[in-house]
Structures are given as structure tokens and as C-alpha cells.
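Each residue of the sequence shown is one higher than the last, beginning at 1 in the UniProt record's numbering.
Ideal Cβ positions, reconstructed from N, Cα and C, are used throughout, including at glycine.
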Amino acid sequence: MPEQTINVLLVEDDEVDVMNVRRAFKKANIKNPIFTASNGYEALEILRDTSDTKMPTERRLVLLDLNMPKMGGIEFLQELRSDQQLRATPVVVMTTSNQDKDRLEAYNLNIAGYLLKPVTFASFTELMATLNSYWMLCEMP
1 MPEQTINVLL
11 VEDDEVDVMN
21 VRRAFKKANI
31 KNPIFTASNG
41 YEALEILRDT
51 SDTKMPTERR
61 LVLLDLNMPK
71 MGGIEFLQEL
81 RSDQQLRATP
91 VVVMTTSNQD
101 KDRLEAYNLN
111 IAGYLLKPVT
121 FASFTELMAT
131 LNSYWMLCEM
141 P
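What follows is the structure, given as C-alpha cells:
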């Protein structure tokens with residue numbers, strides 16, 4: 001695995017949004033692998049290596065939707081931050097929620113960023129490319 005590879009866990013219940021992220025990665029020539037979970041429970045299983053999905057344990061980034069069934073994004077963040085092994089995992093929220101309450105709760109749980117999902121695919125691709133450029137510059141565990 002190349003030094004600059006970032007293992008992205010996309011926690012998203014909307015299949016269209018999952019497809020858009022994959023398409024945006026391809027269009028922006030982002031080679032980082034994408035692992036997916038449709039809710040917070042699945043994401044925690046993947047991160048804890050208790051699921052069938054085998055995600056590398058190093059250089060991880062979580063792209064998190066807030067509004068999901070079973071375990072939503074805020075609940076996931078609370079659980080993640082209380083887990084000694086996973087608490088340092090960087091998380092970027094990518095959601096349609098523009099509510100100050102959600103933004104404040106997420107930042108209080110030490111997220112790395114809060115992004116509103118763009119409406120157009122071109123904007124979505126630009127957002128993914130910018131996010132990728134930023135994370136390539138960051139030192140990750």
C-alpha cells in the first residue's frame with residue numbers, strides 16, 4: 001500500500017450518495033479505497049475489525065452522514081470517541097443538515113470538518129478533490 005493511501009470509510013445509508021462519492025473519486029482520479037457502511041453500527045464493526053469487511057487499520061478517514069437508521073451520525077461519534085482504540089480516528093461529516101445544533105454537536109465530538117453535500121455532481125466532484133488534496137497533506141496515524 002503506498003504511503004499516501006488513505007483508507008476511506010463512507011458511512012452513508014443513501015445508495016445514490018454512495019454512488020456519487022464513488023463516481024466523484026473516479027472523476028477526480030482519487031485512488032484511495034472506499035469502504036462503506038450504511039449505519040453507525042456497521043461502521044463500528046468495520047473499524048473494530050469484527051465484520052466481514054476488512055479495512056486496513058492505518059491511515060483511516062471516516063466520511064460520515066448524520067441522518068441514518070439504527071445508529072445515526074451523532075450516536076456513532078459518541079461511541080467512536082468513547083472507544084480508546086478508535087477515538088483518534090479523523091471524521092469529516094458530510095450531510096444535508098445545515099442545522100446549527102447538528103454542527104455544534106458534531107464539532108463538540110472532535111470532527112475534522114463539517115461539509116454540506118453539494119447539489120450538483122460537478123460541485124460534489126470538486127469537494128471530493130479538495131478534501132483529498134487536504135488529507136494528502138496531513139500527517140495521519
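So which of the options has the shortest CA-CA distance to residue i?
i, options, result
"PHE13", "PRO69, THR53, LEU44, ARG59", "According to the sequence provided, residue 13 is Asp. The question's Phe does not apply to it. Ranking the options by Cα distance to ASP13, first place goes to PRO69."
"THR57", "GLN78, VAL93, PHE35, GLY72", "PHE35"
"MET67", "ASN98, ASN132, ARG81", "The question names Met, but residue 67 in the sequence shown is Asn. Closest by alpha carbon: ASN98."
"LYS117", "LEU63, SER51, GLY40, ALA37", "LEU63"
"ALA122", "TYR107, GLU105, THR5, LYS27", "LYS27"
"GLY73", "VAL18, VAL93, MET128, PRO33", "VAL93"
"GLY18", "ASP65, SER133, THR5", "A quick correction: the sequence has Val, not Gly, at residue 18. Checking every option, the nearest Cα to that of VAL18 belongs to ASP65."
"TRP135", "ASN20, LEU61, ARG48", "LEU61"
"VAL91", "TYR114, GLN85, LEU104, ARG103", "TYR114"
"VAL119", "VAL21, ASP100, LEU86, ARG59", "VAL21"
Going by DSSP, what residues sit across from residue i in a beta bridge?
i, result
"GLY72", "Looking at the DSSP assignment, GLY72 forms no beta bridge with any residue, so it has no partner."
Taking the Cβ atom as the reference point for each residue, do residue i and residue j lie within a distance shorter than 8 angstroms?
i, j, result
"LEU131", "LEU109", "no"
"ASN32", "THR53", "no"
"ALA43", "MET128", "no"
"MET55", "LEU86", "no"
"TYR107", "MET71", "no"
"THR95", "LEU47", "no"
"ASN7", "ARG81", "no"
Would you list, in sequence order, the uninterrupted alpha helix (DSSP H) runs of no fewer than 4 residues that lie entirely inside the UniProt domain "Response regulatory" (7 to 132)? 15 to 27, 40 to 47, 73 to 82, 100 to 108
Stretch pair the segment 7 to 24 + the segment 36 to 44: three plus CB contacts closer than 8 angstroms: With a cut-off of 8 angstroms, the segment 36 to 44 and the segment 7 to 24 count as touching, because enough Cβ pairs lie within range.
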